[in-house]
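The next block holds one structure in the form of structure tokens; read it before the comments.
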Amino acid sequence: MPIKEPAHKLGVSEKFVYSVIDDDCNKGDSQVQKKLEKLAQYAVDRCRIMRRIAQLMKDAVEENFEKEGRPKWQPLSLATIKARQRKGYWPGKILQQRGRLTSSISSYSDNDKAVVGTNVVYAA
899 MPIKEPAHKL
909 GVSEKFVYSV
919 IDDDCNKGDS
929 QVQKKLEKLA
939 QYAVDRCRIM
949 RRIAQLMKDA
959 VEENFEKEGR
969 PKWQPLSLAT
979 IKARQRKGYW
989 PGKILQQRGR
999 LTSSISSYSD
1009 NDKAVVGTNV
1019 VYAA
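Under the working numbering, the letters of the sequence shown match residues 899 to 1022, in that order.
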């Protein structure tokens, strides 16, 4: 599979492509060509890597909720704690009253992007 597209259209930097060429130039043209073809294949079909990136981002968001921030979020005010106690939501975690926001976190990926978000309006 000859590479016909410029590197930036393949989703890789020219610097990266040139570093692959430089690293392998002493191995002969056929090996360089094979490596570039493999690189181009990964650059064109990025679904697997984007899915992994989306999962890593989702895991990081979930860990933020679990650990109440990294670094720690500001503690709840006394007024918020009292309001939660009256409503039966205390003790509890910051940004988690009923669990709606944390359970709504989802990820999406395709060949060109990795996204993590929620459809909960108040989170926007």
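We put the CB at the ideal spot given by N, CA and C, even for glycine.
Per DSSP, the beta bridge partners of serine 1005 are Val1014. The continuous stretches of alpha helix (DSSP H) do not include glutamate 966, and DSSP gives it neither H nor E. Between isoleucine 1003 and lysine 956 the beta-carbon gap is near 6 Å, inside 8 Å, which marks them as a contact.
Leaving aside the five residues that flank isoleucine 992 on each side, the residues in its chain whose CB is nearer than 7 Å to its CB run, in chain order, Glu966, Trp971 and Leu974. Rounded to whole angstroms, the gap between the alpha carbons of alanine 958 and glutamine 929 is 39 Å. A distance below 6 Å between beta-carbons, with the five flanking residues on each side excluded, links phenylalanine 963 to the following residues of its chain, in chain order: Thr1000. Counting along the chain, the unbroken alpha helix (DSSP H) around leucine 976 starts and ends at 976 to 985. For the pair glycine 986 and tyrosine 1020, the Cα-to-Cα distance works out to about 21 Å. Checking the DSSP bridge columns, you'll see lysine 991 partnered with Gln994.
If you draw a straight line from the Cα of cysteine 945 to the Cα of aspartate 927, it is about 29 Å long.
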